[in-house]
Amino acid sequence: MKKIGILGGVGWASTVDYYRAIAEGAGRYFAERGHGSPLPIPPMTIESVTQAKTRALRGVAGDEESWSAFDAVFREALLTLQNAGCDFGIIASNTPHARLHAIREGVSMPILSIFDATADATASTGATKALVLGTTVTMQARNYADRLAAENITANARLPEPEIAEMQAMIDSDFYGGASDTAHARLLAFCNKHAAPGTAILLACTELPLAFPDHLDDPVFEADGHLFVNPSAAHVAAALNEALEG
Numbered sequence: 027m028k029k030i031g032i033l034g035g036v037g038w039a040s041t042v043d044y045y046r047a048i049a050e051g052a053g054r055y056f057a058e059r060g061h062g063s064p065l066p067i068p069p070m071t072i073e074s075v076t077q078a079k080t081r082a083l084r085g086v087a088g089d090e091e092s093w094s095a096f097d098a099v100f101r102e103a104l105l106t107l108q109n110a111g112c113d114f115g116i117i118a119s120n121t122p123h124a125r126l127h128a129i130r131e132g133v134s135m136p137i138l139s140i141f142d143a144t145a146d147a148t149a150s151t152g153a154t155k156a157l158v159l160g161t162t163v164t165m166q167a168r169n170y171a172d173r174l175a176a177e178n179i180t181a182n183a184r185l186p187e188p189e190i191a192e193m194q195a196m197i198d199s200d201f202y203g204g205a206s207d208t209a210h211a212r213l214l215a216f217c218n219k220h221a222a223p224g225t226a227i228l229l230a231c232t233e234l235p236l237a238f239p240d241h242l243d244d245p246v247f248e249a250d251g252h253l254f255v256n257p258s259a260a261h262v263a264a265a266l267n268e269a270l271e272g
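For the record, in the sequence shown the residue sitting at position 161 is 187 according to my numbering, with numbers rising by one throughout.
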């Protein structure tokens, strides 16, 4: 098995869920193949960054230089994982992937993109339209839209800034450290407002899937009258495939 490097901490609840999902997914893989207990899991190293620090270092869209300090924190973390002997890395967060082109500079260890894993999962649904939900950085950027376009899927036009701010506030208040008692209802109201029938809704912040505890390991699922894509689960599935069969 290949050793997985997990860059976590943004935020910690989704990092915990990544580790759990990888361990349980590997357990199912080996159990299905008749392996006895204890079931193996891939070797893993977690390098956790501080979300309060990285949030403060966010730059301005379109200004590459303004992101240099942000990029450096994640690049250093990836290099730490590389030096720990990891065969490949995953970033357990959507937001930094918008900067992956810069973060991975000087890192020779392969990094699995959440954009690629999510685009593949979305394409499997047959949907031709998508609504991308996530942090301000994710919703202002076109990374998901560009990658989905390669699969002939049209992402939503950029939402008005007050709507993007509402989603960021929801993430900060209802999804920090897990999903609050009001998280599911608040998220669903936002989806009902912005998602037309037949639209694949990308829960493109690693905390958002926590509102659907019965579907944490499902890359694609239907709930509350909507079709959802869980980028975290798709990312984990890609990591398991690489670790166990790559």
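The C-beta atom is built at its ideal place from N, Cα and C for all residues, glycine as well.
Rounded to a whole number of angstroms, what is the C-alpha to C-alpha distance between residue 138 and residue 29?
-> Residue mapping note: residue 138 aligns to position 112 of the sequence shown, counting from 1. Residue mapping note: residue 29 aligns to position 3 of the sequence shown, counting from 1. Cα-Cα distance, rounded: 13 Å.
Could you tell me the boundaries of the alpha helix (DSSP H) in which residue 143 lies?
-> Numbered from its first residue, the sequence shown carries residue 143 at position 117. Its alpha helix (DSSP H) spans residues 140-151.
If we ignore side chains and look at the alpha-carbon of each, how far apart do residue 224 and residue 213 end up?
-> Locating residue 224 in the sequence shown gives position 198, where the first residue counts as 1. Locating residue 213 in the sequence shown gives position 187, where the first residue counts as 1. When rounded, the distance between both Cα atoms is 18 Å.
Within the stretch 196-234, note down every full beta strand (DSSP E) run reaching 3 residues or more, in order along the chain.
-> Correct list: 226-229.
Touch test, the stretch 235-245 against the stretch 112-121, Cβ-Cβ under 8 Å, three pairs minimum | Result no; under three Cβ-Cβ pairs closer than 8 Å.
Under 8 Å between C-beta atoms of residue 163 and residue 208 = Residue mapping note: residue 163 aligns to position 137 of the sequence shown, counting from 1. Residue mapping note: residue 208 aligns to position 182 of the sequence shown, counting from 1. In this structure, residue 208 does not lie closer than 8 Å to residue 163 by Cβ.
Looking at the structure shown, is residue 33 part of a helix, part of a strand, or coil, going by DSSP?
-> Working through the sequence shown from its first residue, we reach residue 33 at position 7. Strand, per DSSP.
Residue 232 and residue 74 closer than 8 Å at C-beta | The residue you call residue 232 lines up with position 206 of the sequence shown. The residue you call residue 74 lines up with position 48 of the sequence shown. Not in contact: residue 232 and residue 74 (Cβ atoms no closer than 8 Å).
Excluding sequence positions up to five away, which residues of its chain have a Cβ less than 6 Å from the Cβ of residue 103?
-> Residue mapping note: residue 103 aligns to position 77 of the sequence shown, counting from 1. For residue 103, the CB contacts under 6 Å within the same chain, skipping 5 residues up- and downstream, are 33, 73 and 75 in chain order.
Apart from the five residues on each side of it in sequence, which residues of its chain come closer than 7 Å, Cβ to Cβ, to residue 141?
-> Sequence index remark: in the sequence shown, residue 141 carries index 115 (1-based). If you ignore the 5 residues before and after residue 141, its C-beta comes within less than 7 Å of the C-beta of 123, 169, 170 and 173, all in its own chain and listed in chain order.
Look up residue 70 in the DSSP assignment and say whether it is helix, strand or coil.
-> Looking up residue 70 in the sequence shown gives position 44. Here residue 70 sits in strand by DSSP.
Please say whether residue 175 and residue 226 have beta carbons closer to each other than 8 Å?
-> Mapped onto the sequence shown, residue 226 falls at position 200. Mapped onto the sequence shown, residue 175 falls at position 149. Not a contact, by the Cβ cut-off of 8 Å.
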